[in-house]
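Taking the numbering used here, the leading residue of the sequence shown gets 9, the next gets one more, and so forth.
The beta-carbon is built from N, C-alpha and C at its ideal position, and this holds for glycine as well.
Worksheet: one structure, shown below.
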Amino acid sequence: MAGVGSYLPEKVMTNDDLSKIVETSGEWIVQRTGIKRRHIAAEGEYTSDLATAAAQRALQNSGLGPADIDVVILATSTPDNTFPATAVTVQHRLGIHHGFAFDVQAVCSGFVYAMTIADSLIRAGSADTVLVIGAETFSRILDWTDRSTCVLFGDGAGAAVLRAQPVVDGEPEQGILSCHLRSDGVHKDKLYVDGGPSSTQTTGHLRMQGREVFKHAVGMISGVVTDAFAATGTTPDDLAWFIPHQANRRIIEASAEKLGIDMDKVVMTVEGHGNTSAASIPLALDVAVKDGRVKRGDLVMLEAMGGGFTWGSVLLRW
9 MAGVGSYLPE KVMTNDDLSK IVETSGEWIV QRTGIKRRHI AAEGEYTSDL
59 ATAAAQRALQ NSGLGPADID VVILATSTPD NTFPATAVTV QHRLGIHHGF
109 AFDVQAVCSG FVYAMTIADS LIRAGSADTV LVIGAETFSR ILDWTDRSTC
159 VLFGDGAGAA VLRAQPVVDG EPEQGILSCH LRSDGVHKDK LYVDGGPSST
209 QTTGHLRMQG REVFKHAVGM ISGVVTDAFA ATGTTPDDLA WFIPHQANRR
259 IIEASAEKLG IDMDKVVMTV EGHGNTSAAS IPLALDVAVK DGRVKRGDLV
309 MLEAMGGGFT WGSVLLRW
């Protein structure tokens, strides 16, 4: 893990602001989600803009430049265009004219999926250095009359630079240690967008059966995290930090409790960011690295669940 970076739009929407748009209250939102505010992209500010800003900060943090990057992987469900991939736009803006770039669409699990792909490319020798980004402008696909969904989401971007590094004899392996991905399309109607180029020729709006999502989330998340522990011979006690997808405070707390992870080890940014989908994990990771919580040598668990359903975990040593 060579470096991290993030970006949040300047505009902040508080719960009080939302109460003027839909029938809700700040107390109702906090009680059910833990969210107090979220960032909203400005008019004319696109997913590629957020992604580029986060990527530039990650590169600066890593001490690397555009010439060092072999691959750009962008996890997003809100691309600038149907095609080309928004990753190609980011690649161009960063001044990268070699290698390749592509998008990954796994909704809130996108960053975990993208990290897994990056790890596979590096281990296979197909790339030496990979820039992984999660970026979303979910405000563009929300139904602002639906209080069950519009209060949950925000916009943002986070990025990480992964680089090949030989294992030093006698020292713990660093970087990604284990990845576990899952999906099951039987749950599609529980969290989806009701539009698309092939079906409606429109963008559509996000739709969610909140109780159903919550019902499945904790068990699914716990499963892939437990798989990671089993694959690496580690336990919750070995973790320095648990950095989950920032969807809902209650889901995060219930997952930590089921896994036996102390809440003091949980990085939580949902209060100030809301659910930023594929951007939520790298945003939280960047916060924890910059404020000094995540240190070199720390064992860190990332996990997410998103529409589809998709879910997964990545265990890494910083």
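Residues Asp78, Ala172 of the same chain have their beta carbon placed closer than 6 Å to that of Asp136, with the five preceding and five following residues left out of the count. Comparing alpha carbon positions, the residue from Asp127, Asp272, Phe146 closest to Val138 is Asp127. Each residue's CA atom was taken as its position, placing Thr157 and His100 some 34 Å apart. For Arg325, the enclosing beta strand (DSSP E) stretches over residues 318 to 325.
Under the 8 Å Cβ criterion, the segment 142 to 156 does not count as touching the segment 265 to 279, having fewer than three qualifying pairs. At a Cβ-Cβ threshold of 8 Å, Thr55 and Asp25 do not count as neighbours. Within the segment 67 to 128, the runs of beta strand (DSSP E) at least 3 residues long that lie entirely inside it are, in chain order, 79 to 83, 108 to 112. Fewer than three pairs of CB atoms, one per stretch, sit closer than 8 Å, so the segment 16 to 30 makes no contact with the segment 254 to 261.
Between Thr234 and the set Leu310, Thr208, Pro74, Gly314, the nearest pair of CA atoms involves Leu310. In this structure, the beta-carbon distance from Ala248 to Val12 does not fall below 8 Å.
Rounded to the nearest whole angstrom, the C-alpha separation of Gly34 and Ile43 is 9 Å. Per DSSP, Lys19 is one residue of the beta strand (DSSP E) stretching across 19 to 22. Looking from the CA of Ile184, the closest CA among Val120, Leu267, Thr60 belongs to Val120. Counting only runs of 4 or more residues that sit fully inside the segment 153 to 241, the alpha helix (DSSP H) segments are 155 to 158, 218 to 240, in chain order. Within a 10 Å sphere around the beta-carbon of Phe91 sit fewer than 16 other beta-carbons, which makes this residue exposed. Remark: fewer than three beta-carbon pairs, one from each stretch, lie closer than 8 Å, so the segment 208 to 224 and the segment 240 to 247 are not flagged as touching.
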